[in-house]
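*Asks:* Starting off with a structure, shown below.
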Amino acid sequence: MACMHDHSCEDHDCSSNWSLYKHIDLSKVSALNEAIPGSVKSVFKAWEQRLNFSEGHLESNDGDPELLVFVPFTSDVKIKSISIVGGADGASPSKMRVFINREGIDFSDAQSMQAVQEWDMVENLHGVLEYQTRYSKFQSVANITLHFPDNSGGDTTQIYYIGFKGEATQLKRDVVATIVYELMPNPSDHKTKANSSGGLSHVE
Amino acid sequence: MVLEATMICVDNSEWMRNGDYAPNRFQAQADAVNLICGAKTQSNPENTVGVLTMAGKGVRVLVTPTSDLGKILACMHGLEVGGEMDLAAGIQVAQLALKHRQNKKQQQRIIVFAGSPIKHDKKLLEMIGRKLKKNSVALDIVDFGEEDDGKPEKLEAVLASVNSNDTSHIVHVPAGPNALSDVLINTPIFTGDGEGGSGFAAAAAAAAAGGVSGFDFGVDPNLDPELALALRVSMEEERARQEAAAKKAAEEAAKEKGGEQQPTLQDTAMTEGPSASAAEANEKKDDLMDDENALLQRALEMSMDDTTSSHDMRDTDMSEAAADDPNLQLALQLSVQEGAKEGNEMSKLLADQSFVSSILSTLPGVDPNDPSVKDLLASMQNQSEKKDEEKGPNEDEKQ
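For the protein sequence lines, the chains are F and D, in the order given.
Be aware that the first sequence starts at 1, since it is given in UniProt numbering, and climbs by one per residue.
Be aware that the second sequence starts at 1, since it is given in UniProt numbering, and climbs by one per residue.
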């Protein structure tokens, strides 16, 4: 379902609605079949910047329009709708399928699994289109995987902006994931004030 | 310290029986596999490595990705060589094995040992490469063994289709004096992707290069200071000992030049001396004493050395003289025999004397206590004593 903005955006602050990008854990964002590794991080920005293509964009490999984007959040979020800005000349994705709270999905998994929701997409060069979600299924999202199986005829698929609209809760789903444990002791990790400032105790 | 899950594809086809890599291709490959497993697990303790074979009856996964080095080494042991390698199937099965790794956070990597000719066409291989790239799986290829027409090109094409950001590598190892493992140690396959190599890789490279890495004894003082210290101390002690031994040898060499002849002659003379006195002893006493005497004599001479030089000198003179003149030799022998004879006479006398006294005692009417008989006996005794006394100094002289 698409929604058109039929009012100018100066009246109310559209960008505040699309502020879920602040809750994205950018360091752990990954994509499969991207031509330039790491370019996926450039598509998550503020709503005002959505048409700013200077920082780079996400492009799939030549001849292969499939794309898989994994987006973890720093806390559980509720997603109301998603907006995608694609490339011109058939380089926009034609279909989108999403999976919730599943890590390590690759293409064969994505193709065989039942998606939480699917959309047929339209070319959205100015970022005014948004795709609403079935809100009840998107109540506590720790990470979301977006699968774009095909594009509208181009050689590659290009994505310039991905935006999420919704609310962020302060809850965390997986607290254990943030623990770092050491398998081999590393003395530099155990520097205390006494050790480093020439006290009596000495760690070798 | 990249967190990685690695699948190693081993070529165990018939072409691996060839001996152009010492000891044979398969064994060289097994050594390389062991080294790689060690390096991977050392660089990051959470890394996992798995092994599969591509030839034989078909592609077979021997070990799923595990960090247990023992399992991997055990499975490499006792592998059969035979069949034909199926590279495409091997890579695909490896990809599947990596897909089902336990820790999804690990990067995926496949290492392929391509030793036999490749029967797949380039297009199929490129497609497989693209699929790997799509799923962000890195691929390392070790091109060794058979040098087929088109094999390097095919492998390079695969690498080009897989490579993204230089995470994949290819190494061509021609047959030669260097072991396969040694050649691989210096490649990015072993050292990792530009991270400078782990400590294990660096140490192994140093050992392979003959320990010429700045460490004195091939032992890193940082890793094992006590061992390095012990080695250094023992080396210095050995050097000091060798110097002292060298000095001694030099001194002895100077001495030896002067008195080289004497020790050997003394030895021969000493053996002759005891033999002569041993002969006398034989005549006089029981035979049992002979061996003991001879041994005693030899022992005495050994300890005497230079002290009784006069005696020795005489003996040496005798032996030297004897060596020169056969007449003298005869004379010497006679004198020895005379001594023996005297002994014989002596014994005879003694025997006679005892015999006489026994006869006298048995004779009726002859009382041994009779003074005349006693005087007779005494005179006979005196004669024998005199002869004893004469004999004694002679013996002493001779001794």
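For glycine and all other residues, C-beta sits at the position ideal for the given N, C-alpha and C.
Counting only beta-carbon separations shorter than 7 Å, does residue 206 of chain D have a partner in chain F?
*Replies:* Within the second sequence, the letter at position 206 stands for residue 206 of chain D. The predicted model places residue 206 of chain D with a pLDDT of 48, which falls under 50 and marks its position as unreliable; any figure quoted below should be read in that light. No, residue 206 of chain D does not count as interfacial toward chain F.
*Asks:* Should residue 37 of chain F be flagged as near chain D, meaning a C-beta pair shorter than 7 Å?
*Replies:* As a working mapping, residue 37 of chain F is identified with position 37 in the first sequence. For residue 37 of chain F, the answer is yes, since a Cβ of chain D falls inside 7 Å of its Cβ.
*Asks:* Can you confirm whether residue 32 of chain F, when its beta carbon is compared against all beta carbons of chain D, has any partner nearer than 7 Å?
*Replies:* Looking up residue 32 of chain F in the first sequence gives position 32. Judged by the 7 Å Cβ criterion, residue 32 of chain F is in contact with chain D.
*Asks:* Strictly under 7 Å for the Cβ-Cβ distance: is residue 101 of chain F near chain D by that measure?
*Replies:* Here residue 101 of chain F refers to the residue found at position 101 when the first sequence is read from its first residue. It does not: the Cβ of residue 101 of chain F has no partner Cβ on chain D nearer than 7 Å.
*Asks:* Whose C-beta lies closer than 7 Å to the C-beta of residue 60 of chain D among residues of the same chain, with five residues either side of it excluded?
*Replies:* For this step, residue 60 of chain D is matched to residue 60 along the second sequence. Correct list, in chain order: 52, 53.
*Asks:* Could you check whether the Cβ of residue 18 of chain F sits closer than 7 Å to any Cβ belonging to chain D?
*Replies:* Residue numbering aside, residue 18 of chain F sits at position 18 when the first sequence is read from its first letter. No - not a single Cβ of chain D is within 7 Å of the one on residue 18 of chain F.
*Asks:* Against chain F, which members of the segment 41-55 of chain D pass a CB distance test of less than 8 Å?
*Replies:* Correct list: 45, 46.
*Asks:* If we cut at 7 Å on Cβ distances, does residue 163 of chain D have a partner in chain F?
*Replies:* Residue numbering aside, residue 163 of chain D sits at position 163 when the second sequence is read from its first letter. No, no contact with chain F.
*Asks:* Run through DSSP, which three-state label would residue 158 of chain F get?
*Replies:* One-based indexing of the first sequence puts residue 158 of chain F at position 158. It is a strand residue.
*Asks:* Return the Cβ separation of residue 157 of chain F and residue 62 of chain F in integer angstroms, given the expectation that the two are a contact with Cβ distance under 8 Å.
*Replies:* Position 157 of the first sequence, counted from the start, is the residue given in the question as residue 157 of chain F. Position 62 of the first sequence, counted from the start, is the residue given in the question as residue 62 of chain F. Contact flag wrong, Cβ pair sits at about 11 Å.
*Asks:* Give a yes or no on whether 7 Å exceeds the smallest Cβ distance from residue 106 of chain F to chain D.
*Replies:* The residue labelled residue 106 of chain F in the question sits at position 106 within the first sequence. Closer than 7 Å to some Cβ of chain D, the Cβ of residue 106 of chain F qualifies, so yes.
*Asks:* Residues in the same chain with beta-carbon distance under 7 Å from residue 90 of chain F, minus the five sequence neighbours each way, listed in chain order, please.
*Replies:* For the purposes of this step, residue 90 of chain F is taken as residue 90 along the first sequence, with counting starting at 1. Excluding sequence neighbours, residue 90 of chain F sits near 151, 152, 153, 154.
*Asks:* Tell me where the alpha helix (DSSP H) around residue 72 of chain D begins and ends.
*Replies:* As a working mapping, residue 72 of chain D is identified with position 72 in the second sequence. That run of the alpha helix (DSSP H) goes 69-76.
*Asks:* Along the chain, where does the beta strand (DSSP E) that runs through residue 25 of chain D open and close?
*Replies:* By one-based count along the second sequence, residue 25 of chain D stands at place 25. Element bounds for residue 25 of chain D: not the beta strand (DSSP E) but the alpha helix (DSSP H), 25-43.
*Asks:* State the CB to CB distance for the pair residue 124 of chain F and residue 84 of chain F, rounded to an integer number of angstroms; the pair is presumed to be in contact (CB under 8 Å).
*Replies:* Position 124 of the first sequence holds residue 124 of chain F. Position 84 of the first sequence holds residue 84 of chain F. Contact holds; Cβ gap of about 6 Å.
*Asks:* Can you find the residues in the same chain that come closer than 8 Å, C-beta to C-beta, to residue 129 of chain D, ignoring five residues on each side of it along the sequence?
*Replies:* Taking the first residue of the second sequence as 1, we reach residue 129 of chain D at position 129. The residues are 139, 157, 158, 159, 160, 161, 162.
*Asks:* Could you check how far apart the C-beta atoms of residue 75 of chain F and residue 170 of chain F are, in whole angstroms? I think they sit under 8 Å.
*Replies:* If you number the first sequence from 1, residue 75 of chain F lands on position 75. If you number the first sequence from 1, residue 170 of chain F lands on position 170. Right, the Cβ-Cβ distance comes to about 6 Å (below 8 Å), so this counts as a contact.
*Asks:* Buried or exposed: residue 97 of chain D, going by 16 or more other Cβ atoms within 10 Å of its Cβ?
*Replies:* Translated into positions along the second sequence, residue 97 of chain D becomes position 97. Result: buried.
*Asks:* Count the other C-beta atoms from every protein chain shown that fall within 10 angstroms of the C-beta of residue 50 of chain D, then say buried if there are 16 or more, exposed otherwise.
*Replies:* Here residue 50 of chain D refers to the residue found at position 50 of the second sequence. The residue is buried, with at least 16 neighbouring Cβ atoms inside 10 Å.
*Asks:* For a cutoff of 7 Å on Cβ pairs, would you count residue 202 of chain D as touching chain F?
*Replies:* Here residue 202 of chain D refers to the residue found at position 202 of the second sequence. At residue 202 of chain D the pLDDT is 48, less than 50, meaning the model places this residue with poor confidence; the figure from the coordinates comes in the next sentence. Residue 202 of chain D does not count as touching chain F.
*Asks:* Which one or two residues does DSSP pair with residue 17 of chain F in a beta bridge?
*Replies:* Numbered from its first residue, the first sequence carries residue 17 of chain F at position 17. None, per the DSSP bridge assignment.
*Asks:* Taking the C-alpha atoms as reference points, what is the distance between residue 293 of chain D and residue 301 of chain D?
*Replies:* Residue 293 of chain D sits at position 293 when you count from the first residue of the second sequence. Residue 301 of chain D sits at position 301 when you count from the first residue of the second sequence. C-alpha separation (whole angstroms): 12 Å.
*Asks:* Could you give the distance in angstroms between the alpha-carbon of residue 18 of chain D and the alpha-carbon of residue 72 of chain D?
*Replies:* Indexing the second sequence from 1 puts residue 18 of chain D at position 18. Indexing the second sequence from 1 puts residue 72 of chain D at position 72. Each residue's alpha carbon lies about 24 Å from the other.
*Asks:* Roughly how many angstroms lie between the CA atoms of residue 184 of chain F and residue 165 of chain D, to the nearest whole one?
*Replies:* Indexing the first sequence from 1 puts residue 184 of chain F at position 184. Indexing the second sequence from 1 puts residue 165 of chain D at position 165. Cα to Cα, the separation comes out at about 30 Å.
*Asks:* Between residue 214 of chain F and chain D, is there a C-beta pair that is closer than 7 Å?
*Replies:* Any answer about residue 214 of chain F is impossible in this case: the structure gives chain F only from 1 up to 204.
*Asks:* Going by C-alpha distance, which of F:93, F:118, F:108, F:87 is nearest residue 100 of chain F?
*Replies:* Looking up residue 100 of chain F in the first sequence gives position 100. When only C-alpha atoms are compared, the closest one is F:118.
*Asks:* Report yes or no: is there a C-beta of chain F within less than 7 Å of the C-beta of residue 24 of chain D?
*Replies:* For the purposes of this step, residue 24 of chain D is taken as the residue at position 24 of the second sequence. Judged by the 7 Å Cβ criterion, residue 24 of chain D is not in contact with chain F.
*Asks:* Hey, residue 116 of chain F and residue 141 of chain F: beta-carbon distance below 7 Å or not?
*Replies:* Stepping through the first sequence from its first residue, residue 116 of chain F is reached at position 116. Stepping through the first sequence from its first residue, residue 141 of chain F is reached at position 141. Contact flag unset, no.
*Asks:* Could you give the first and the last residue of the continuous beta strand (DSSP E) run that contains residue 107 of chain D?
*Replies:* Against the second sequence, residue 107 of chain D aligns to sequence position 107. Element bounds for residue 107 of chain D: 107-114.
*Asks:* How about residue 437 of chain D and residue 175 of chain D: are their beta carbons less than 7 Å apart?
*Replies:* Not covered by the structure: residue 437 of chain D. The range shown for chain D is 1 to 399.
*Asks:* Counting Cβ pairs closer than 8 Å, one from the segment 26-38 of chain F and one from the segment 124-136 of chain F, do we hit at least three?
*Replies:* No, the segment 26-38 of chain F is not in contact with the segment 124-136 of chain F.
*Asks:* Assuming residue 4 of chain D and residue 40 of chain D form a contact by the criterion Cβ under 8 Å, report the distance between their Cβ atoms to the nearest whole angstrom.
*Replies:* In the second sequence, the residue the question calls residue 4 of chain D occupies position 4. In the second sequence, the residue the question calls residue 40 of chain D occupies position 40. Confirmed, Cβ separation roughly 7 Å.
*Asks:* Can you tell me whether residue 192 of chain F is buried or exposed? The criterion is at least 16 other CB atoms within 10 Å of its CB, across all chains shown.
*Replies:* For this step, residue 192 of chain F is matched to residue 192 along the first sequence. The residue in question, residue 192 of chain F, is exposed, as its Cβ has fewer than 16 Cβ neighbours within 10 Å.
*Asks:* Compute the distance between the beta-carbons of residue 111 of chain D and residue 185 of chain D, then report whether it is under 7 Å.
*Replies:* Numbered from its first residue, the second sequence carries residue 111 of chain D at position 111. Numbered from its first residue, the second sequence carries residue 185 of chain D at position 185. No, these two residues do not count as a Cβ contact at 7 Å.
*Asks:* To the nearest whole angstrom, what separates the beta carbons of residue 23 of chain F and residue 43 of chain F, a pair I think is in contact under 8 Å?
*Replies:* Within the first sequence, residue 23 of chain F is the residue found at index 23, counting from 1. Within the first sequence, residue 43 of chain F is the residue found at index 43, counting from 1. With a Cβ gap of about 16 Å, residue 23 of chain F and residue 43 of chain F do not count as contacting.
*Asks:* Buried or exposed: residue 239 of chain D, going by 16 or more other Cβ atoms within 10 Å of its Cβ?
*Replies:* As a first step, residue 239 of chain D must be located in the second sequence, where it is residue number 239. Exposed is the call here.
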